[in-house]
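Undergrad: Going down the list, the sequences are from chains A and B.
Residue numbering for the first sequence follows the numbering used here, beginning at 921 and increasing consecutively.
Residue numbering for the second sequence follows the numbering used here, beginning at 3 and increasing consecutively.
Structure provided below as structure tokens; questions to follow.
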Amino acid sequence: MTGERVTAPTLEPASASRGSIAAFIFKKALISALVALVLFSLMIGIRTEAGPTGQLIYWTRFPELAGMVAAVFAGSIAVELLRLWWGPVGTVMVVPPKVQSALALARRAIAPLLLIFTFLVPVIFYQQRYILDLGILVLTYVMLGWGLNVVVGLAGLLDLGYVAFYAVGAYSYALLATNFGLSFWICLPLAGILAALWGVMLGFPVLRLRGDYLAIVTLAFGEIIRLVIINWQSLTGGPNGVSGIPRPTLFGIPLTPADDGLAAKLGIEFSPTHRIVFLFYLILALALLTNWVTIRLRRLPIGRAWEALREDEVACRALGINITTTKLTAFATGAMFGGFAGAFFATRQGFISPESFTFQESALVLAIVVLGGMGSQLGVALAALAMIGGFELFRGLDQYRMLVFGVAMVLLMIWRPRGLIGHRAPTVYLEHSQAISSDLVKEGHG
Amino acid sequence: MDYFAQQLINGLVLGSIYGLIAIGYTMVYGIVGMINFAHGDIFMIGGFIALISFLVLVSLGLTAVPLILLIVLLVSMAITALYGWTVERIAYRPLRHSFRLAPMLSAIGMSFVLSNYSQVAQGARVKPVPPIITGGYTLLDNEGFVVRLSNVQIVVVITTIVLLAIFTWLVARTRLGRDMRACEQDQTMAALLGVDVDRTISMTFVIGAALAAVAGMMYLLYYGLVDFFMGFVAGIKAFTAAVLGGIGSLPGAMLGGLAIGLIETMWSAYFSVEYKDVAAFSILIVVLIFMPTGLLGRPEVEKV
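In structure tokens form, the structure reads like this:
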């Protein structure tokens, strides 16, 4: 979305004959295939396994190896042909004005349409429990994405340990509810507050760190929380987790077939779907709350300070913005929403264990935020839908799922490092919006 | 005291392995300025390739252990180096001038790809090998408590020292090393003066991966097992070592590796085994807060 409609001058001489291009592509594909042959020779050509006596045995898989190498050869040719068709580096596709205006209209309409559709999902898919469950899962990630967006997208602080706050929220609710019998509606704010507290606790030490160092410290923090949960067995149950977490109630009215349940009170027949629908609207409300708070905060001085911090910390400090409070509030706000989402996760599952809070979750949420275009609320929602939906598509290929996720992450970064809706529009500007050179700000051109 | 001496030996051996991995992190960070998140998984791949090539050599009928070890070392270094090169070529080079988060996320993606690739290719179960190098020396025998220095430990330490010597010579005395140091200081200027920056960066990844492969093989010899998930934690610890030693500094990486190895071993020995990783990660946080430049690093001055 650079707005420029120029075609860079072609770099290759136009007179390059077809034959030499074909030879070049063939040579390149051959080299790729050779590299693949060496890479895969031992890892795929030979399969090892611990035998019945503990002795390591192996067998060869040369047909698979040959298949992989052939696939790399063909793939390499396909990529080169695509590149040829796309044109030289720097070519910007010219979009006709009519299509552009149609796209702009679609862009404006998509958010309200999506919202209306989301509200109607339980009505439309009332019979399909699978879709409702999937919808709840997507909305949970939308909420997590929006929460992390405050930290990464608005304040520009790379957080690789966001799952820690999710875990704190989930365990807060689980332990408070199972040990003290507190209800979901009391625990929800408590979980948020506790998570925010942990956010501040993480925030304090890392105030001086930047960029990659911050990322690695947050990652370490996330791992520490997970390891403590695993090992502090007397409190958290260790790897066995916490089970028997109470289900949420509609302001004190349980959604059970009992006499005081919601179905009995309303005089309708009980159905387990009621609870699913209730959970769906609950997470939708929580997610919308996150979105609303974020949008409002962006218009407050603190939100402006976050965005200034993202663009340039030194300039920010020179302008008299208190870096400490700015960073801490960003961490605390993001963590609080993570905590809410965690409490919801605990009440939905009824069972939590440390396995749900691995680094992969953090990476998934971060991928959603970055794919969504860092700072764009709609982008995050669409990215969560695409990611979780995509994940579900590969459910059958269980062990290939993370492999596909990793490949997708690398390819997306190469294809669109700025995300699907990669545009950091300034919320305020003087007279007219100016494009700022990437040399001037750390984040690069937006 | 005897107990302490034994733990000291164990810690130094573990530290050598971490140090070898940490060099890869510190070199890449020094030149490209990114955390090569996939480096831990490159180490894991190195371990797997060592395991497989060892298995093949043994079944081919080779019996001379030193010869087997040498071939395994060379094979795993060569193939893993190619992995390092490929990862840089596919996932990092297109993003070299992109915004700062992009290479980091691409590296995280690559880390998932590598670990799940070896899970798919070799199965999820832990792969044990019988002890390859047996025997050792008893240093102290004090009222039943024995301090032992096993041959495996000697091999690990000696291999590390020899490789470090070669590597130091490479960086300090060769054309490639000079190019690497030039790129570390200023890539544009180095390019203007005729240094092939792309090639130098590729070579950095190749060397880092080769050293990680050695670490992977040493891990296999020392612990007698590999699994597809071992790269993640080892990677973070090695990165901690690189930071502790001062990122960008090569002797610092080795020093940091030894320090992390010792701390982890001592913590396990005197406090609790369960929390040894927590200890290592806490050290990372504490070091970054109070000593962001590490033990031997240069302070980073930001110019506006």
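Note that the Cβ used here is the ideal one computed from N, Cα and C, for glycine as well.
All figures in this text were calculated on a predicted structure; none of them were measured in a lab.
Taking C-alpha atoms, which residue in A:Thr1060, A:Asn1160, A:Leu1059, A:Asn1242 lies nearest to A:Arg1224?
TA: Answer by Cα proximity: A:Asn1242.
Undergrad: Is the distance from the Cβ of B:Gly48 to the Cβ of B:Leu264 below 7 Å?
TA: Contact flag unset, no.
Undergrad: What does the alpha-carbon distance come out to for the pair A:Gly1371 and A:Val1120?
TA: Because residue 1371 of chain A is not part of the residues shown, which for chain A are 921 to 1366, the question remains open.
Undergrad: Using CA coordinates, which residue listed in A:Arg1195, A:Gln1319, A:Met1294 is at the minimum distance from A:Gln1269?
TA: Ranking the options by Cα distance to A:Gln1269, first place goes to A:Arg1195.
Undergrad: Buried or exposed, going by whether 16 or more other CB atoms sit within 10 Å of the CB of B:Tyr5?
TA: Burial call: exposed.
Undergrad: Leaving aside the five residues before and after A:Ile1113 along the sequence, list all residues of the same chain whose C-beta is less than 8 Å from its C-beta, in chain order.
TA: Cβ neighbours of A:Ile1113 beyond the five flanking positions: Met1256, Gly1259.
Undergrad: Quick one: what does DSSP say A:Gly1364 is sitting in, helix, strand or coil?
TA: Because A:Gly1364 carries a pLDDT of 46, less than 50, the predicted location of this residue cannot be relied on, and the following value inherits that uncertainty. Looking at A:Gly1364 - three-state DSSP - the assignment turns out to be coil, as it is neither helix nor strand.
Undergrad: Pull out every residue of the stretch 254–287 of chain B whose Cβ sits closer than 7 Å to any Cβ of chain A, in chain order.
TA: The stretch 254–287 of chain B vs chain A, Cβ under 7 Å: Glu276, Tyr277, Asp279, Val280, Phe283, Ser284, Leu286, Ile287.
Undergrad: Tell me which residue opens and which closes the alpha helix (DSSP H) that A:Leu1002 is part of.
TA: Start and end: 982–1006.
Undergrad: Does A:Asp1318 get closer than 7 Å to chain B when you measure Cβ to Cβ?
TA: No, A:Asp1318 does not count as interfacial toward chain B.
Undergrad: State yes or no: is the beta carbon of A:Leu1147 nearer than 7 Å to at least one beta carbon in chain B?
TA: So yes, A:Leu1147 belongs to the interface.
Undergrad: Determine whether the beta carbon atoms of B:Ser251 and B:Thr162 lie at a separation below 7 Å.
TA: Cβ distance not < 7 Å, so B:Ser251 and B:Thr162 don't count as in contact.
Undergrad: Closest to B:Asp229 by C-alpha separation, out of B:Pro105, B:Val67, B:Ala123, would be which residue?
TA: Comparing Cα-Cα distances from B:Asp229 to each of B:Pro105, B:Val67, B:Ala123, the minimum goes to B:Ala123.
Undergrad: Using the beta-carbon count (16 or more within 10 Å), is A:Phe982 buried or exposed?
TA: Result: exposed.
Undergrad: Could you check the C-alpha separation between B:Ala167 and B:Val197 for me, to the nearest Å?
TA: Roughly 25 Å between the two C-alpha positions.
Undergrad: Counting only C-beta atoms, is B:Ser251 closer than 7 Å to chain A at any point?
TA: Answer no: the Cβ-Cβ gap between B:Ser251 and chain A never drops below 7 Å.
Undergrad: Starting from the beta carbon of A:Arg1315, find every residue of chain B whose beta carbon is closer than 7 Å, and list them in chain order.
TA: Correct list: empty, because the minimum Cβ distance to chain B is about 15 Å.
Undergrad: Buried or exposed for A:Met921, going by 16 or more other Cβ atoms inside 10 Å?
TA: Low per-residue confidence applies at A:Met921: pLDDT is 38, beneath 50, and the placement is therefore not dependable, though the value from the model is reported in the following sentence. It is exposed - the Cβ of A:Met921 has fewer than 16 other Cβ atoms within 10 Å.
Undergrad: So what's A:Gly1316 in DSSP terms, helix, strand or just coil?
TA: Note: A:Gly1316 maps to coil in three-state DSSP.
Undergrad: Around the C-beta of A:Glu932, are 16 or more other C-beta atoms found within 10 angstroms, so that it is buried, or is it exposed?
TA: The pLDDT assigned to A:Glu932 is 49, lower than 50, so where the model puts this residue is not dependable, and the model offers no usable value.
Undergrad: What number of angstroms, rounded off, separates the C-alpha of A:Ala990 from the C-alpha of A:Leu959?
TA: Going from the Cα of A:Ala990 to the Cα of A:Leu959 covers about 13 Å.
Undergrad: Just the chain B side, please: which residues come within less than 8 Å of A:Arg1128 by C-beta, in chain order?
TA: Result: Ile291, Pro294.
Undergrad: Report yes or no: is there a C-beta of chain A within less than 7 Å of the C-beta of B:Ser204?
TA: Chain A, which has no Cβ nearer than 7 Å to the Cβ of B:Ser204, makes this no.
Undergrad: Between B:Gly288 and B:Pro253, what straight-line distance do the alpha-carbon atoms span, to the nearest angstrom?
TA: Correcting the residue identity first, residue 288 of chain B is Val in this sequence and not Gly. Cα to Cα, B:Val288 sits roughly 21 Å from B:Pro253.
Undergrad: In or out: A:Ser940 buried (at least 16 other Cβ within 10 Å) or exposed?
TA: So A:Ser940 counts as exposed.
Undergrad: Hey, does A:Leu1323 have any beta-carbon neighbour from chain B nearer than 7 Å?
TA: Yes, A:Leu1323 lies at the interface with chain B (some Cβ there is under 7 Å from its Cβ).
Undergrad: What is the DSSP secondary structure of A:Arg1219, counted as helix, strand or coil?
TA: The answer is helix: DSSP assigns A:Arg1219 an H, G or I state.
Undergrad: Restricting to Cα atoms, I'd like to know which of A:Thr1267, A:Val1285, A:Ile966, A:Ile997 is closest to A:Glu984.
TA: Nearest option by C-alpha distance: A:Ile966.
Undergrad: Report yes or no: is there a C-beta of chain B within less than 7 Å of the C-beta of A:Asn1151?
TA: A:Asn1151 counts as touching chain B.
Undergrad: Nearest-angstrom Cα distance between B:Ser117 and A:Gly1181?
TA: For B:Ser117 and A:Gly1181, the distance between alpha carbons rounds to 48 Å.
Undergrad: Quick check: what's the CA-CA separation for A:Asp1079 versus B:Leu64?
TA: Distance between the alpha carbons of A:Asp1079 and B:Leu64: 50 Å.
Undergrad: Consider the Cβ of B:Ile51: report whether some Cβ of chain A lies at a distance smaller than 7 Å.
TA: Answer yes: the Cβ-Cβ gap between B:Ile51 and chain A drops below 7 Å somewhere.
Undergrad: Quick test of your reading: A:Val992 and A:Ala956, contact by CB under 8 Å. State the CB separation rounded to the nearest angstrom.
TA: Contact flag correct, Cβ pair sits at about 4 Å.
Undergrad: Distance, Cα to Cα, A:Gly923 vs A:Leu1023?
TA: Reliability of the predicted coordinates at A:Gly923 is poor, the pLDDT of 42 falling under 50, and no value is obtained from them.
Undergrad: Determine the closest residue to A:Leu892 out of A:Cys1107, A:Ala1084, A:Tyr1086, A:Phe1085, with distance taken between C-alpha atoms.
TA: The displayed coordinates of chain A run from 921 to 1366. Any statement about residue 892 of chain A would go beyond what the structure contains.
Undergrad: When you compare the CB of A:Gly1326 with every CB in chain B, is at least one pair closer than 7 Å?
TA: At least one chain B Cβ lies under 7 Å of A:Gly1326.
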